[in-house]
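Numbering (our numbering), first residue to last: 12 to 241. Built from N, CA and C at the ideal position, the CB exists for glycine as well. Keep in mind it's a predicted model, so treat the numbers as computed, not measured. Working notes, beginning with the structure itself.
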């Protein structure tokens, strides 16, 4: 080994020693800083504890050391439960944060819908509809409501039958005929004139309809009476 190679090795060793010494110095500074931080935290903690004790003493609060110890033991034993609780709180917060835009949009849509309903008059219609209920309550007694409840099926069946196409057509024909009549200028019929009118097919058909109608009403009344007796 020549002198040049030895010098290079010595220089390399010196550089490594410098790095080691530098790392040692950094660790010494870190330990010193940690020591200073521990001292400062100790002083701060001591002052905070002293202040807390003074405040509690001034407030007349007595601390049970045994109870505090039991509380700390419970906290230590339930660290897992506390972690789960915090996880649940975090999940709930994330859920609220995620659905907040949706709720905000729903609120805006609701306001827009209500504005459209108010513009179209639906809100005023609902307000005025309340008068209908007031009139019903005012003009009908409790007994009337009870009778309505007892007969609601019959009423609905009647309405259902009246709304059939053939019934609506018959009712509409009757209304059209009535509107075409001049009720203030109805001709008078004597018995002789009425007897002569009986020869017309229209009148005979009308009388046949009335007789058949009344007969069927009587039949239905008898059927209903028999059912009630049973």
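Within 8 Å, strictly: CB atoms of residue i and residue j
| i | j | result |
| --- | --- | --- |
| residue 208 | residue 202 | no |
Where the alpha helix (DSSP H) through residue i begins and ends
| i | result |
| --- | --- |
| residue 189 | 176-191 |
| residue 220 | 212-240 |
| residue 162 | Run containing residue 162: none; DSSP gives neither H nor E here. |
| residue 126 | 90-131 |
| residue 151 | Neither: residue 151 is in no alpha helix (DSSP H) and is coded neither H nor E. |
Contact belief for residue i with residue j at Cβ below 8 Å, rounded distance in angstroms
| i | j | result |
| --- | --- | --- |
| residue 172 | residue 178 | 6 Å |
Cβ-based neighbour list, residue i, same chain, cut-off 6 Å, excluding 5 preceding and 5 following
| i | result |
| --- | --- |
| residue 123 | none |
Contact set for residue i: own chain, Cβ-Cβ below 8 Å, skip 5 residues either direction
| i | result |
| --- | --- |
| residue 93 | 86 |
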